[in-house]
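Numbered according to our numbering, the sequence shown spans residues 102 to 495. Yeah, the Cβ is synthetic: ideal placement off N, Cα and C, and Gly gets one too. If you're wondering where the values come from, they're calculated on a predicted model, not measured in any experiment. Reviewing the structure listed below.
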Amino acid sequence: MFKRAARFLGFGPLLEQEIQDASHYSSVEIRRVRMLVICRLALFMIAIVGTFQLLVIGLSLTGLINAAVTVALFVLVLIGYFAAKTEEGFLRWGPILLGLFSAGLWLEALLTGGMFSPTVPLLVGIPVSAAMLLPLRGAVLVTVANIAALTTLTAITPMFGVLQSATVSGTIYAEAILVNSVAGMSMVGVCAVIMAWQAERAQGQMHDMIEQASHMATHDQLSGLGNRNRLQQWFQQVDTEKDRFDLLLIDLDGFKAINDTYGHNAGDYLIKAVSARLKEVCEDDDLLIRLGGDEFLVVAKSGEATADKMNEYGARLIEILSRPYPTSDCILRISASIGHARFPDNGKTPSQTLSMADKALYVAKGAGKRLCVTYGKTPLRIKDRLHVMRKESA
């Protein structure tokens with residue numbers, strides 16, 4: 102029933118958008134969507150209420166004042182609706198237009214009978230709107246200001262003479278209206294503020310949960326480095342026409358033996374220690390990935406270094422990763438082999454380039470390990486070995 106009515110009024114899709122956007126949009130963006138919803142509803146209500154008041158009050162002075170203020174409020178809400186189409190417009194004009202709209206309602210109430218003005222029931226919507234559109238502090242300030250304004254309006258209502266005909270003493274009746282009005286506005290205002298606080302808190306918790314889930318989905322829990330999902334995300338963002346980058350595929354030499362000899366705790370320690378060393382030595386722009394097991398990947402995003410420079414970079418990584426790893430029980434020793442490939446020189450796609458780095462790593466392993474090999478280039482060790490084999494065959 103509610104959804105049908107919402108669609109009939111034209112803001113149903115906006116409500117659905119708010120529900121969907123709550124999972125990944127900022128609080129500002131959600132409040133912006135709420136403003137679109139409220140403005141559409143307000144335009145509808147102002148048109149209905151204004152027409153009804155004009156029919157009831159007629160074209161008297163009060164009726165004309167009421168009609169003029171109603172038109173002004175309609176225009177303000179219309180401006181607010183178009184301002185809320187963009188986040189910049191909402192941040193710049195949202196609070197201002199809400200303040201002008203509130204002032205317009207209070208002015209209309211003041212000019213058309215005080216507490217007995219037909220506009221008074223609409224005043225309750227001000228703190229509610231503030232709670233939905235403003236940050237928590239702003240919503241509290243608006244609520245306090247409206248309670249103060251309501252107190253003042255109630256206090257000056259006897260000046261209009263509308264209370265003097267009451268069967269009860271005018272003073273007592275005015276005090277009763279004051280107490281009831283302030284209590285009613287306070288109740289609505291406090292409820293609105295509590296709702297705003299709960300909404301912001303729930304949204305903050307939801308945002309943290311989403312951030313945590315997103316981080317867990319793209320990062321390796323043991324090493325803290327990115328995982329294959331993170332690598333694929335980055336590959337998808339690569340501009341194959343402009344981007345250039347280098348891949349250094351690292352495999353730890355001797356890791357399996359340590360894992361088998363000292364247990365998985367020692368293996369986990371090595372993974373964490375290797376990851377920490379990579380974070381220290383690699384460039385800030387480099388993307389560090391743990392592909393699984395004892396295999397790591399360094400994505401050098403700049404793509405400006407020559408192949409020789411990248412080999413020097415790889416040799417430096419090997420030297421640092423091959424340093425001893427002291428523990429409370431013993432000193433662990435491993436080394437590393439690296440396969441290097443460059444995009445787009447060695448592959449038409451990032452994934453193909455990774456495959457070429459894997460082939461280069463295979464060559465490095467076959468050449469005696471603890472070596473960095475660039476795809477398509479024969480390591481000096483293999484050249485020397487081939488030279489010896491040729492001499493022996495001769």
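Beta-carbon proximity check, residue i vs residue j, cutoff 8 Å
i	j	result
K466	S438	yes
A184	F175	no
H395	D352	It should be pointed out that residue 395 corresponds to Asp in this sequence rather than to His. Closer than 8 Å, so yes.
I180	L198	yes
L201	L177	yes
G195	T171	no
I359	L371	yes
L392	R329	yes
L349	A416	no
A250	W207	yes
I242	L332	It should be pointed out that residue 242 corresponds to Leu in this sequence rather than to Ile. The answer is no: Cβ separation not under 8 Å.
I421	V382	yes
N247	E209	no
M233	I311	no
S429	S376	no
L162	L211	no
L237	W335	no
P445	T362	no
Y414	A408	no
Residues that residue i bridges to, as DSSP identifies them
i	result
A401	D347
P427	I432
G415	None; G415 has no bridge partner.
C473	I439
L388	V400
G393	E396
F444	F346
Residues near residue i by beta carbon distance below 6 Å, same chain, minus five either side
i	result
R443	D347
K478	none
N447	T454, M457 and Y476
R434	P425
G355	I435
R345	G404
V339	P451
Buried versus exposed, by CB contacts within 10 Å (16 or more), residue i
i	result
R135	buried
K104	Model confidence at K104 stands at a pLDDT of 49, short of 50, so the residue's coordinates are unreliable; what they give is reported in the following sentence. Exposed.
Q322	exposed
T475	buried
S403	exposed
I149	exposed
T244	buried
G205	buried
R132	buried
A500	Residue 500 is absent from the model: the chain starts at 102 and stops at 495.
V129	exposed
P451	buried
L326	buried
I137	The sequence given here places Leu at residue 137; Ile does not occur at that position. When all chains shown are included, L137 counts as buried.
A318	exposed
R471	buried
I432	exposed
V221	buried
V229	buried
S315	exposed
L160	exposed
A303	exposed
Near the ligand ADP: residue i beta-carbon under 7 Å from a heavy atom
i	result
R345	Among the components of this structure there are no ligands whatsoever, and the ligand ADP is therefore not found.
Cβ of residue i within 8 Å of any chain D Cβ
i	result
S203	The question asks about chain D, but that chain is absent: this structure has only one protein chain.
Sequence-distant residues of the same chain with beta carbon closer than 8 Å to residue i, five excluded per side
i	result
N412	H441, C473 and T475
I419	S436, A437, S438, I439, R471, L472 and C473
F62	A question about residue 62 goes unanswered here, because the residues of the chain that appear run from 102 up to 495.
Beta-carbon proximity list for residue i, same chain, < 7 Å, skipping 5 on both sides
i	result
M102	The pLDDT assigned to M102 is 46, lower than 50, so where the model puts this residue is not dependable; a value taken from the coordinates is nonetheless given after this. Excluding residues within five positions, none has a Cβ falling inside 7 Å.
L155	G164 and A168
E188	V129, E130 and R133
Query - Complete beta strand (DSSP E) runs within the segment 314-380 (minimum length 3 residues, chain order) - result: 346-354
query = Whole beta strand (DSSP E) runs in the segment 211-248 with 3 or more residues, listed along the chain?
reply = none
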